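Per the numbering used here: the sequence shown = residues 47 to 191. Even for Gly, the Cβ is constructed at its ideal location relative to N, Cα and C. None of the values given here were measured: they were computed from a predicted structure. A short write-up of the structure that comes next.
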Amino acid sequence: CRDAAFNAARAMLDDVLLSEEEEENCEPMEVERTRQSFKRNRQYANKLMMSEWMVDVPEDFVTKWSMVPCPKGRRNLIVAYKGRTEAYSRRGDRLASFNSALPGGNYEELNRNCTLLDCIWIARTKSYYVLDVLAWANQPLLDCD
């Protein structure tokens, strides 16, 4: 099940590059607590890789495993394409839209590149921490270590 979700998420670059009009995949939704209107994009729903807890410690844990601390925050999919950068939640809700220095994420890069990042958003520091680079400047990085 986890491998299927992983592989489905990694096919996103083709979906983004082939979609001529993203708005047809969006449906308006109302959020009651803030009364803001967000758009949910089904194309980006459930695309982030799922985390797994290590229940049992492997015998070779000390010699063959490494640990990377992960900041506590909200998982976001960052899509830089068509001259803008957008942040999506795990459910495909568009949370933010802004210009960035990412390839494809500003007007100088309009219609030239696409970048996809799996990130954690820390609201307190207003920072994104990149967990995984799915694609950089139209170059898929899906089968890389």
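>> On the DSSP letters alone, give me the boundaries of the alpha helix (DSSP H) that T109 sits inside.
In response: 107-110
> Is the stretch 118-136 close to the stretch 153-163, with three or more CB pairs under 8 Å?
Replying inline: yes
>> According to DSSP, is E154 part of a helix, a strand, or is it coil?
In response: helix
>> Out of C190, R170, G150, T171, which one is the CA nearest neighbour of L162?
In response: G150
> Taking the DSSP output, what are the residues bridged to N122?
Replying inline: C165
> Which one or two residues does DSSP pair with V176 in a beta bridge?
Replying inline: Residue pairing by DSSP places V176 opposite C165 in a beta bridge.
> Roughly how many angstroms separate the alpha carbons of Q89 and S143, rounded to a whole number?
Replying inline: 16 Å
>> Classify L141: buried if its beta carbon has 16 or more other beta carbons within 10 angstroms, exposed otherwise.
In response: exposed
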